[in-house]
Amino acid sequence: MAMTRFRPCIDLHDGKVKQIVGSTLRDAGEGPRENFVSEKPASWYAELYKKDGLTGGHVIMLGKGNEEAALSALEVFPGGMHIGGGIRPDNARKFLDAGASHVIITSYAFDEQARFREDRVREMVDTVGRERLVLDLSCRATTDGWVVAMNRWQTMTDLIVDADAFKRLSPYCDEFLIHAVDVEGKCEGIDEALVKCLGVWCDNSVTYAGGARSVKDLERTQELSGGKVDVTIGSALDIFGGKGARYEECAGFNRR
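Following my numbering, the numbering of the sequence shown begins with 6 at its first residue and continues without gaps.
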């Protein structure tokens, strides 16, 4: 039987490890609402995840000024984490060579008019190989379902997240990463409808992020998805200043 796993994360903004409310990211105006800004470097978290054998987590670079911190984490835990945020064919190999197990793409898969470009996905496959590519289909809820949002989740695209999308895109990647942007960073619980759908729609490995607030959400995801969907917990985690989820308990969930 498939088993849901806890997947760790390192979210980087302005070179620091942070937990932010995803829906507040903007290119202009006030900065994002921050739940937590760590005094510890990214490498400290990578060392912790390495010690506990928590592979398959992700390092996400939210904007510029994060590359040095990201590379330091990859160096500490070679082969242990995925890397995303501004990944393109011309820089993907650098991050793989630095220790990333996979590269994650979102915005590169779309053009300037936010239209999905399958040719760009094929270009990434040609560059790094299907087995080292993760497609990020982070999405917002609409009246018609969930729609992928790009540019740090600010711009709605033309790609609907549904069974047809996964059938079309699964041959191009090893895994999918799905942030539920509307609940990201709010610690108000997972999007249960989306998690249930992911368990039905997706045959590749898939990690869900957004709203998880305790180890009970890992158990709930196991129930809803039949163990086919893994979960990232961020803002609720005690190592990120949260109060709902103990890191040791979440890491222990993977050893059950």
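Even glycine gets a Cβ: it sits at the ideal position worked out from N, Cα and C.
Note that the coordinates shown come from a computational prediction; the quantities given were computed from them, not determined experimentally.
Note on residue 260: under 16 other CB atoms within 10 angstroms of its CB, so exposed under the neighbour-count rule.
Under the three-state reduction of DSSP output, residue 79 falls in the helix class. Under the 10 Å beta carbon count, residue 24 is surrounded by 16 or more other beta carbons and is classified as buried. Nearest neighbour of residue 237 by Cα position, chosen from 189, 140, 118, turns out to be 189.
In this structure, the straight-line span from the alpha carbon of residue 146 to that of residue 161 is close to 10 Å. Residue 154 is bridged by DSSP to 161. Rounded to the nearest angstrom, the Cβ distance from residue 213 to residue 186 is 12 Å, too far for a contact under 8 Å. Counting other Cβ atoms within 10 Å of its Cβ, residue 157 reaches 16 or more and is therefore classed as buried. In the three-state reduction of the DSSP assignment, residue 23 falls in the strand class, which pools E and B.
Beyond the five residues adjoining it in sequence on each side, residue 73 comes within less than 8 Å, by CB distance, of 20 in the same chain, given in chain order. The Cβ-Cβ distance between residue 226 and residue 9 falls below 8 Å.
For the pair residue 86 and residue 64, the CB atoms are nearer than the 8 Å cut-off. Assignment of residue 215 by DSSP, reduced to helix, strand and coil, places it in the coil class.
Inside the segment 160-202, DSSP marks whole alpha helix (DSSP H) runs of 4 or more residues at positions 168-174, from first to last along the chain.
As summarised for the segment 77-134, the continuous alpha helix (DSSP H) elements at least 4 residues long and confined to that stretch are 97-102, 123-133, given in chain order. Non-local beta-carbon contacts of residue 130 in its own chain, meaning distances under 7 Å to residues more than five positions away in sequence, involve 138, 177 in chain order.
The residue from 57, 143, 246, 194 with its alpha-carbon nearest to that of residue 112 is 143. It is roughly 14 Å from the alpha-carbon of residue 208 to the alpha-carbon of residue 6. Ranked by Cα distance from residue 76, the first of 135, 39, 15, 171 is 15. Apart from sequence neighbours up to five positions away, the residues of its chain that approach residue 97 with a beta-carbon distance below 6 Å are 108, 132, 133, ordered along the chain. For residue 144, DSSP records a beta bridge to 153, 185.
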